[in-house]
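Remarks on the structure that follows.
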Ligand SMILES: Nc1ncnc2c1ncn2[C@@H]1O[C@H](COP(=O)(O)OP(=O)(O)O)[C@@H](O)[C@H]1O
Ligand SMILES: [Mg+2]
């Protein structure tokens, strides 16, 4: 059996095929606002794909298309060969999305936030659930928050709880919306390591939206750059250390020029 | 024209929500704790105010009846008037209005906030249908709690009427006579009639408030707007439905 085409379940060691994602000529309009413009992209099974781009460029909207929360105006999104806009796909492929703002269930404790998925899908007994939940909390150094309410946590902690909640779903495809924003550098590094470990040991496909250059350059297999709803380039991280395109170069390595500030350029 | 389309869309969306929620009915036994929690919420938040208001409505009915019937010496029929009005009309109506104000608004606020803060989206991506865990337990709970609340409202209202009729000087009707006519004229059908109404009102209020809450779009400001809309639509529907139900149950 070719292990590189299998995902191993982090908790149960069960194996299932690694999943890929394809976008074919995807466009999305909100009324007259064109947010995504003719995007074609393939994410290979088991790879870490990092999508970078200025805020407002449509990264979150693109992520929502992959899990079927938004439907394309034209074009098609498939996950492991299944149409992402079909609700049944969520029952066929285990996908987890880490929302930008966490989207934790405010009426539930941190523990119950993590346990909900396992309980609703009757994946384990309460004892089994406890083990999985505590393990995921431990990975993100959150053991002491189990009984707390999400509203009592800091922004960074909520982010980590959201990641832990995605981990217990034992996904084949993990989608992260800016997982390291609001985190300190050490915790950001931990998140990068988690993403890399999920790939190396469990062949989990990861789609990461991030502004974090060090994350992108250290763990990504490929990096895409989205600007104004267009996918400008997709390249291995090595090529982005020294980009040729001035627009991309300016986005990745913005040069702070006090003598000739950008906001003055914008004003004129 | 735009508004008409919005209203039709709202009705369509609400019916779809109902069908989806009902389709998950077999999961209800597994959701017993959630169902119990909702029963508690509905009962706990409305029972005290239902009791207080029923008492006074029964009392006012007795006063008005006493005032108008005393002149032609028919005051022992106060019991029948209070009994029938509470059972057929005011009990169910008042419980439904209080339900809209206390429970419906809370449901709309909670679901709207879950929608705005993407908790609903999170459920969807976890393949946990929101209709199953957010809507179904509430609908089931209101079906169970409405008759209970309405019967309590009727009883308290009847006793309120009795106490007022007895203690107000110009009426001074003995409770035995009051309850004698109440029992003679208020039939089981009248009470059952009211319970059917209450059941319909309660179900519609909860369904509407769930639907409006879950269809909230935009930012946190929209939560308040959703609550207002849910309560207003509920109240209008209670009154309109009341007319048609009364007519068809006559
Ligand atoms: N549901 C929506 N309705 C209308 N406009 C939206 C919606 N979601 C996002 N947008 C718009 O799409 C653009 C891209 O948003 P988003 O994907 O969140 O950007 P980012 O790249 O920062 O994640 C923004 O201009 C935003 O206002
Ligand atoms: Mg975003």
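Chains as they are written, first to last, in this note's numbering: chain A, 1261 to 1528; chain B, 27 to 276. Don't be surprised by glycine CBs; every beta carbon is placed ideally from N, CA and C.
If you look at residue 1401 of chain A, you'll find it isn't in any beta strand (DSSP E); DSSP assigns it neither H nor E. When secondary structure is reduced to three states using DSSP, residue 1289 of chain A falls in the strand class. In terms of CA proximity to residue 267 of chain B, B:224 leads the group B:142, B:224, B:109 and B:191. Under the Cβ distance rule, residue 148 of chain B counts among the residues neighbouring chain A, one pair being separated by less than 7 Å. Here residue 216 of chain B has 110, 113 and 114 as same chain residues with Cβ atoms under 7 Å from its own Cβ, once five neighbours each way along the sequence are excluded. Cβ-Cβ separation between residue 190 of chain B and residue 89 of chain B: approximately 6 Å, consistent with a contact (criterion under 8 Å). Contact between the stretch 1278-1295 of chain A and the stretch 1327-1344 of chain A is present: three or more C-beta pairs spanning the two stretches fall below 8 Å. Those residues having their beta-carbon less than 6 Å away from any non-hydrogen atom of ligand 1 are, in chain order, A:1290, A:1293, A:1295, A:1313, A:1315, A:1316, A:1317, A:1318, A:1319, A:1320 and A:1321. Around the C-beta of residue 48 of chain B, fewer than 16 other C-beta atoms lie within 10 Å, and the residue is accordingly described as exposed. Taking 6 Å as the cut-off, the C-beta of residue 1360 of chain A counts as close to a heavy atom of ligand 2.
Approximately 26 Å separates the beta-carbon atoms of residue 227 of chain B and residue 155 of chain B; this is outside 8 Å, ruling out the contact. Note on geometry: alpha-carbon atoms of residue 107 of chain B and residue 208 of chain B lie some 7 Å from one another.
Distance from the CA of residue 1523 of chain A to the CA of residue 1491 of chain A, rounded to the nearest whole angstrom, comes to 25 Å.
In this structure, residue 1425 of chain A sits away from residue 1366 of chain A, with a CB-CB distance that is not shorter than 7 Å. Beta-bridge annotation (DSSP): residue 1355 of chain A is paired with A:1433. The stretch 54-62 of chain B makes no contact with the stretch 85-105 of chain B: fewer than 3 CB pairs, one atom from each, lie closer than 8 Å. Residue state for residue 1345 of chain A is assigned as coil, using DSSP reduced to three classes. Secondary structure note for residue 1312 of chain A: its beta strand (DSSP E) is the uninterrupted segment 1308-1312.
Pairwise C-beta distances place the stretch 1482-1489 of chain A in contact with the stretch 1309-1318 of chain A, as three or more of them are shorter than 8 Å. Classified as buried, residue 1430 of chain A has 16 or more neighbouring CB atoms from the shown chains inside 10 Å of its CB.
Counting every other CB atom within 10 Å of its CB across the protein chains shown gives residue 202 of chain B a total below 16, marking it as exposed. The beta-carbon of residue 1442 of chain A is placed no less than 7 Å from the nearest beta-carbon of chain B. Bridge partners of residue 1465 of chain A according to DSSP: A:1433. Contacts with chain B at 7 Å (Cβ-Cβ) do not include residue 1522 of chain A. For residue 1415 of chain A and residue 1442 of chain A, the gap between their C-alpha atoms comes out near 6 Å. For residue 1491 of chain A, the enclosing beta strand (DSSP E) covers residues 1490-1495. Distance check between residue 151 of chain B and each of A:1502, A:1324, A:1392 and A:1438 places A:1324 closest, using alpha-carbon atoms only. In this chain, the alpha helix (DSSP H) harbouring residue 1416 of chain A covers 1415-1427. Bridge pairing for residue 1334 of chain A: A:1287 [DSSP]. The C-beta of residue 78 of chain B comes no closer than 7 Å to any C-beta of chain A.
Inter-residue distance for residue 1348 of chain A and residue 214 of chain B is about 49 Å (C-alpha atoms, whole angstroms).
Scanning its chain for C-beta atoms nearer than 7 Å, with the 5 sequence neighbours on each side dropped, one finds around residue 1508 of chain A the residues 1485, 1492 and 1493, in chain order.
Among the residues of chain B, those whose CB is under 8 Å from the CB of residue 1351 of chain A are 153, following chain order. Of all C-beta pairs linking the stretch 1351-1366 of chain A to the stretch 1298-1307 of chain A, fewer than three are shorter than 8 Å, placing the two stretches out of contact.
Taking all protein chains shown into account, residue 1422 of chain A has 16 or more neighbouring C-beta atoms within 10 Å of its C-beta and is therefore buried. Contact with chain A is found for residue 144 of chain B, since one of that chain's Cβ atoms lies less than 7 Å from the residue's Cβ.
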